[in-house]
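Structure first, then comments.
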Amino acid sequence: MKVAVIGAGAAGLMAAYAAASNGNDVTVFEKNEKCGKKIYITGKGRCNLTHECLPDEFLSNVVNNAKFLTGSIYAFSPEKTVNFFEDGGLALKTERGARVFPVSDKASDVTKTLEKYCKNVGVKFKFKEKTLKINILNSTISDIVTVKGKYLFDKAIVCTGGLSYPSTGSDGDGYEFAKAAGHKIVTPKQGLCGLNIKGGFYKQLQGITLKNVTLSVYFNGKLLRSFFGEMLFTHFGISGPIVLSASSYINRLDLNLVKLSVDLKPALDSDVLDKRILRDFDEFKNKDIANCLKNLLPTAFIPVILERCSIASVKKVNAITKTERQSLLTSIKNFDMLVSGLRGFEEAIITSGGVDVKEINPKTMESKLVKGLYFCGEVLDVDALTGGFNLQIAFSTGYAAGNSIK
């Protein structure tokens, strides 16, 4: 079989290797000058390539279409990914949170290992050659057209990524190939991104990192999900690990109905926190309230909290009423924020949305509409939380496609 792989990212390289390992004649077309441009920037250049966990735990971290991924994740699991790279000569390490990285801390080593695997099984590469069209005849792929000409192929595997980090070449062309083949596209949204926040208060908090806090997401008044960990305030609003995770759960919702609430002291329930505040009040009863809270909150947070409670920062502690104290307690346990928007695709780690998986065979990644046409990785409507899950999806779906072509 003559197989074209469009895109030399994580999914494309794995698909090319798997297909060529079965004796197929495989050619990879890449618009960039080299493989894996997005791999190079993942994990801040260190490449968190997978998550050390069993398939069931892995699937619990998939935000959209976990059921579709079940077969491919079990067939090429995180454990198999680790073995694959280590067998290829890449030493790996597992860090906090079960995140797997190369010992070298170089994302380029992940790409080099994939390239070596591909070259060992005869995969050919055509760089700086953008694919323009996939031609279809009688519901079967017939050829592909690039900027340099037309090529006849029996199969085409589309691994073009989404829209995030367009500087790496992600321009949504895979969606156009899919639409031309009759596929539905679930509207692409920014995933794992920072959030713009309404109001100007966050500018006073810019640069503050909060650790061990709980961020709760409410939609239309109902609790959607809570995240525990680290977040930070920026020039546009909020970011950090738990915010990125939250963004992938709200990016398809009406943001006007979304409320975020931060528990600044999740280790203390309301009663315990109230007793703590009363102890501080007793100790600093003749001081300004702003000075009394320095042991409880980051300094920059104090005027923001007090403003929300309508308490003057110079008001003496012994003049604070019970109602004001309760307001203070509520603001610390429920620091509410409203979202004005998602950060752009140029900042989003992944794209949520893409080719509708209802029209894709979950075992082979082949189109149910066009014979010989496959879709893998981020171009599909599948996405997960941070921690190596999305790269694993690329490896698993790429392997499923390539390995199914015999």
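Here the sequence shown is numbered in our numbering, starting from 1 and rising by one per residue.
In this text, a Cβ means the ideal position worked out from N, Cα and C, and glycines have one as well.
Asked                                                                                                                                                              : Found
List the residues that DSSP assigns as beta-bridge partners of LYS189.                                                                                             : SER352
Quick one: what's got a C-beta closer than 8 Å to THR421's C-beta in the same chain, skipping five residues either side?                                           : Nothing can be reported for residue 421, as the shown portion of the chain is limited to 1 through 406.
How far does the alpha helix (DSSP H) with ALA181 in it extend, from its first residue to its last?                                                                : ALA181 -> no alpha helix (DSSP H), and no H or E assigned at all.
What is the residue span of the alpha helix (DSSP H) that VAL304 lies within?                                                                                      : 301-308
Taking C-alpha atoms, which residue in LEU380, GLY341, SER404 lies nearest to ALA66?                                                                               : LEU380
Below 8 Å, can you find three or more Cβ-Cβ pairs linking the stretch 357-364 to the stretch 380-389?                                                              : yes
Please report the residue range of the alpha helix (DSSP H) in which LEU296 lies.                                                                                  : Element bounds for LEU296: n/a, residue is neither H nor E.
List the endpoints of the continuous alpha helix (DSSP H) containing THR321.                                                                                       : Taken as a continuous stretch (DSSP letters only), THR321 belongs to no alpha helix (DSSP H), as it is neither H nor E.
Give me the Cα-Cα distance between PHE127 and GLN204, rounded to the nearest whole angstrom.                                                                       : 47 Å
Just curious, the beta strand (DSSP E) that MET231 is in, first and last residue?                                                                                  : 222-233
Would you check if the distance between the CB atom of VAL121 and the CB atom of ALA20 is smaller than 8 Å?                                                        : yes
Please confirm whether ALA401 and MET365 have their CB atoms less than 8 Å apart.                                                                                  : yes
Just how far apart, CA to CA, sit ILE73 and ASN48?                                                                                                                 : 17 Å
Going by C-alpha distance, which of LYS322, PHE233, ALA312 is nearest ILE277?                                                                                      : LYS322
What does the Cβ neighbour count give for THR187, buried or exposed, with the cut at 16 atoms within 10 Å?                                                         : exposed
CB-CB under 7 Å to PHE153, same chain, minus the five flanking residues each way: which ones, in chain order?                                                      : LYS2, VAL3, ALA4, ILE141, ASP143, ILE144
Would SER352 and ASN251 qualify as a contact pair, given that the criterion is a beta-carbon distance under 8 Å?                                                   : yes
Examine the Cβ distances between the stretch 30-43 and the stretch 78-97 and report whether three or more of them are shorter than 8 Å.                            : no
Cutting at 6 Å between CB atoms, please list the residues of its own chain near TYR202, excluding the five before and the five after it.                           : PHE233, GLY237
Tell me which same chain residues have a C-beta within less than 8 Å of the C-beta of GLU129, skipping the five on either side of it?                              : PHE29, GLU30, LYS31, THR146, VAL147, LYS148
Hey, out of GLY12, ASN318, THR160, ILE349, whose CA is closest to LEU114's CA?                                                                                     : GLY12
Output the distance between the C-alpha atoms of SER77 and SER396, rounded to the nearest integer angstrom.                                                        : 7 Å
Can you tell me the Cα-Cα spacing of PRO166 and LYS133, whole angstroms?                                                                                           : 20 Å
Quick one: using the 10 Å Cβ neighbour count with 16 as the cut-off for buried, is VAL213 buried or exposed?                                                       : buried
Can the beta-carbon of SER313 be found less than 8 Å from the beta-carbon of ILE332?                                                                               : no
Which class does VAL370 belong to by DSSP, given the choice of helix, strand or coil?                                                                              : coil
Exposed or buried, what is ALA300 when buried is set at 16 or more other beta-carbons lying within 10 Å of its beta-carbon?                                        : exposed
Cα separation between LYS38 and PHE227?                                                                                                                            : 27 Å
For GLY88, which residues from the same chain have a beta carbon less than 7 Å from its beta carbon, with the 5 sequence-adjacent residues on both sides left out? : THR113, LYS116, TYR117
Taking the continuous beta strand (DSSP E) assigned at GLY237, which residues delimit it?                                                                          : 237-239
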